[in-house]
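K.L.:
Here is the structure:
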């Protein structure tokens, strides 16, 4: 049975959109900043993989089936070095440890999403988490399909960028030094965007301060997990204080 949502007026001439179409239409504008960033990020990843001598199929398949962002850049050296699964596992856990906390915070939002839930879990990157966590979903738009299309669109942008970069990398030879810095630039842009969109800057300050302290104490290679733990403890304390005041 074909499900339909609300009626779209104006230029749409009263044409009824399905639930999926409504969700896609609502989700797409939220992903436009990610489109630009992921195309260039993906291209830089594709270029880098090509510069290391990998065939096109490697970066494309990794982007489709792994989709780990910064870890994909790190994985280039793992693929070129001696096989060490334990080290690869621990490194991946360290680099992507923040997703554990993302997942915990999204448990409620992912409830009742049905068959879409496994893909929402698999495709949850920093950018999709940011949108799905904070976006104001319009009335009448299905929450599950909205989050699904945010995740799917961001995933598609990354794969398209990677494919373009891998193709061009086999045609054009350029100096790829410094290309991986675009990932850091994207995180800075996301942070600034969240800062400007919210009035309460305490969570951002807690995150920045906790990361800075752990960076000084544990060093650049080991600060991620301690900083995540410190952030979590800080949020629990702040929440309890807020509840006590209320």
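Numbering (our numbering), first residue to last: 73 to 318.
In this text, a Cβ means the ideal position worked out from N, Cα and C, and glycines have one as well.
Could you compute how far the alpha carbon of residue 122 sits from the alpha carbon of residue 113?
P.N.:
If you take the alpha carbons of residue 122 and residue 113, they lie about 14 Å apart.
K.L.:
Using 10 angstroms around the beta-carbon of residue 272, count the other beta-carbons present and answer buried if the total reaches 16, otherwise exposed.
P.N.:
Counting Cβ neighbours within 10 Å, residue 272 comes out exposed, since fewer than 16 surround it.
K.L.:
Measure the alpha-carbon distance for residue 134 versus residue 308 and round it to whole angstroms.
P.N.:
Looking at the two C-alpha atoms, the distance is approximately 36 Å.
K.L.:
Nearest to residue 242 by alpha carbon, out of 90, 104, 110, 129?
P.N.:
Of the listed residues, the one whose Cα sits closest to residue 242 is 129.
K.L.:
Please report the distance separating the alpha-carbon of residue 196 from that of residue 237.
P.N.:
Taking the straight line from one Cα to the other gives about 23 Å.
K.L.:
Going by other Cβ atoms of all chains shown within 10 Å of its Cβ, with 16 needed for buried, is residue 94 buried or exposed?
P.N.:
When all chains shown are included, residue 94 counts as buried.
K.L.:
Can you tell me where the alpha helix (DSSP H) with residue 315 in it begins and where it stops?
P.N.:
296-317 is the span of the alpha helix (DSSP H), which, as asked, contains residue 315.
K.L.:
In this structure, does DSSP put residue 151 in helix, strand or coil?
P.N.:
The answer is helix: DSSP assigns residue 151 an H, G or I state.
K.L.:
Could you tell me which of 144, 170, 105 sits nearest to residue 283, measuring between CA atoms?
P.N.:
When only C-alpha atoms are compared, the closest one is 170.
K.L.:
Is it buried or exposed for residue 109, if we count other Cβ within 10 angstroms and need 16 for buried?
P.N.:
Result: buried.
K.L.:
Which term fits residue 156, buried or exposed, when burial requires 16 or more other beta carbons within 10 angstroms of its beta carbon?
P.N.:
The residue is exposed, with fewer than 16 neighbouring Cβ atoms inside 10 Å.
K.L.:
Can the beta-carbon of residue 232 be found closer than 8 Å to that of residue 102?
P.N.:
Cβ atoms of residue 232 and residue 102: not closer than 8 Å.
K.L.:
Going by DSSP in three states, residue 86 sits in which element: helix, strand or coil?
P.N.:
Low confidence applies here, because residue 86 scores a pLDDT of 46, under 50, leaving its location unreliable; read the following figure in that light. If DSSP states are grouped into helix, strand and coil, residue 86 belongs with coil.
K.L.:
How about residue 294 and residue 106: do their beta carbons lie closer than 8 Å?
P.N.:
In this structure, residue 106 does not lie closer than 8 Å to residue 294 by Cβ.
K.L.:
Leaving out the 5 sequence neighbours to the left and right, which residues in its chain are closer than 7 Å to residue 286 when beta-carbon positions are compared?
P.N.:
So the list reads 295, 298, 299, 302, once near-sequence residues are dropped.
K.L.:
Given residue 316, which residues of its chain have a CB within under 8 Å of its CB, disregarding the five upstream and five downstream residues?
P.N.:
Taken in chain order, the list of residues that qualify is empty.
K.L.:
Would the stretch 175-192 count as touching the stretch 206-213 if we require 3 or more Cβ pairs under 8 Å?
P.N.:
The answer is no - the stretch 206-213 does not touch the stretch 175-192, with fewer than three Cβ pairs under 8 Å.
K.L.:
What three-state label does DSSP hand residue 138 in the structure shown?
P.N.:
Here residue 138 sits in coil by DSSP.
K.L.:
Alpha carbon to alpha carbon, how far is residue 141 from residue 163? Give it in angstroms, no decimals.
P.N.:
Taking the straight line from one Cα to the other gives about 14 Å.
K.L.:
With distance defined between alpha-carbon atoms, name the residue in 194, 217, 168 nearest to residue 186.
P.N.:
Nearest option by C-alpha distance: 217.
K.L.:
So for residue 210, helix, strand or coil by DSSP?
P.N.:
Coil.
K.L.:
In whole angstroms, give me the CA-to-CA distance for residue 277 and residue 270.
P.N.:
In a straight line, the C-alpha of residue 277 is about 12 Å away from that of residue 270.
K.L.:
Under 8 Å, do residue 192 and residue 219 count as touching if we go by C-beta distance?
P.N.:
Cβ atoms of residue 192 and residue 219: closer than 8 Å.
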